[in-house]
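Enquirer:
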Amino acid sequence: MSEIVVRHVIPEDAAALHRIYSQPDTQAGTLHLPHSSLQGWHTRLATPQPHSYLLAACIDDEVVGQSALKVEERPRRRHAASLGMGVDARYRQRGVGSALMREMVAMCDNWLQVSRMELTVFVDNAPAIALYQRFGFEIEGTARGFAIRDGELIDTYYMARIKP
0 MSEIVVRHVI PEDAAALHRI YSQPDTQAGT LHLPHSSLQG WHTRLATPQP HSYLLAACID
60 DEVVGQSALK VEERPRRRHA ASLGMGVDAR YRQRGVGSAL MREMVAMCDN WLQVSRMELT
120 VFVDNAPAIA LYQRFGFEIE GTARGFAIRD GELIDTYYMA RIKP
């Protein structure tokens with residue numbers, strides 16, 4: 000497999016991100032809704048939010064994964080950030096998620112003064128849970144009936160990583 004290159008997301012990535020987050024498997028593992036609009040992605044990428052960092056993982060110049068980090072703005076929570084990610088179904092279990100996590104952890108530890116990274120993950124998403132645990136995340140609790148997926152309420156784990 001070709002090298003995975005991680006870089007900042009650019010507005011021209013909108014179509015690729017729309018494709019990734021339109022995949023049924025990606026929707027099942029994230030909070031993204033079916034039938035999202037391409038225009039929504041164009042708008043989101045054209046108007047970056049403060050304290051948000053978006054990274055893309057590319058193989059042979061094709062965007063195959065994305066991660067987002069939102070650093071808390073409230074004074075007593077500025078040490079914390081929430082993380083989300085999605086990987087193209089064709090490239091799962093091939094190091095894309097690890098490449099994105101490695102870069103996000105490095106940004107938090109070395110550049111952003113973020114000592115607590117937080118996320119939620121569906122309890123049945125074993126590959127994602129294993130990935131997060133490899134990067135030092137621990138399960139802190141369970142949110143029962145956290146989100147609707149295919150008409151059913153699904154539990155999630157609250158996970159966090161405290162900078163060592």
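In terms of numbering that gives the first Met the number 0, the sequence shown has 163 at position 164, counting the first letter as 1, and numbering is strictly consecutive.
The C-beta atom is built at its ideal place from N, Cα and C for all residues, glycine as well.
Compare the C-alpha of residue 111 against each of 17, 129, 77 and name the closest.
Expert: As a working mapping, residue 111 is identified with position 112 in the sequence shown. Of the candidates 17, 129, 77, the one whose C-alpha sits nearest the C-alpha of residue 111 is 77.
Enquirer: Between residue 38 and residue 45, what straight-line distance do the alpha-carbon atoms span, to the nearest angstrom?
Expert: Reading the sequence shown from its first residue, position 39 is the one you call residue 38. Reading the sequence shown from its first residue, position 46 is the one you call residue 45. If I take the Cα positions, the gap works out to 10 Å.
Enquirer: Cβ atoms of residue 80 and residue 106: under 7 Å apart, would you say?
Expert: One-based indexing of the sequence shown puts residue 106 at position 107. One-based indexing of the sequence shown puts residue 80 at position 81. Not in contact: residue 106 and residue 80 (Cβ atoms no closer than 7 Å).
Enquirer: In whole angstroms, what separates the C-alpha of residue 145 from that of residue 55?
Expert: The residue given as residue 145 occupies position 146 in the sequence shown. The residue given as residue 55 occupies position 56 in the sequence shown. Near 27 Å, if we compare the C-alpha coordinates of residue 55 and residue 145.
Enquirer: Is the Cβ of residue 40 closer than 7 Å to any Cβ of chain C?
Expert: The chain inventory of the structure shown lacks chain C, comprising one protein chain alone.
Enquirer: Locate the alpha helix (DSSP H) running through residue 25, then write down its first and last residues.
Expert: Mapped onto the sequence shown, residue 25 falls at position 26. Element bounds for residue 25: 23–28.
Enquirer: Mapping DSSP to helix, strand and coil, what is residue 65?
Expert: Mapped onto the sequence shown, residue 65 falls at position 66. When secondary structure is reduced to three states using DSSP, residue 65 falls in the strand class.
Enquirer: Do the segment 69–76 and the segment 87–103 meet, that is, are 3 or more Cβ pairs less than 8 Å apart?
Expert: no
Enquirer: Any idea which residues DSSP pairs residue 83 with across the strands?
Expert: Position 84 of the sequence shown holds residue 83. Residue 83 pairs with 67.
Enquirer: Taking the C-alpha atoms as reference points, what is the distance between residue 7 and residue 97?
Expert: Position 8 of the sequence shown, counted from the start, is the residue given in the question as residue 7. Position 98 of the sequence shown, counted from the start, is the residue given in the question as residue 97. Cα to Cα, residue 7 sits roughly 16 Å from residue 97.
Enquirer: Below 8 Å, how does it come out for the segment 13–28 and the segment 46–65: are there three or more Cβ pairs, yes or no?
Expert: yes
Enquirer: Is it true that the CB of residue 108 sits closer than 7 Å to the CB of residue 162?
Expert: Mapped onto the sequence shown, residue 162 falls at position 163. Mapped onto the sequence shown, residue 108 falls at position 109. Going by C-beta atoms, residue 162 is nearer than 7 Å to residue 108.
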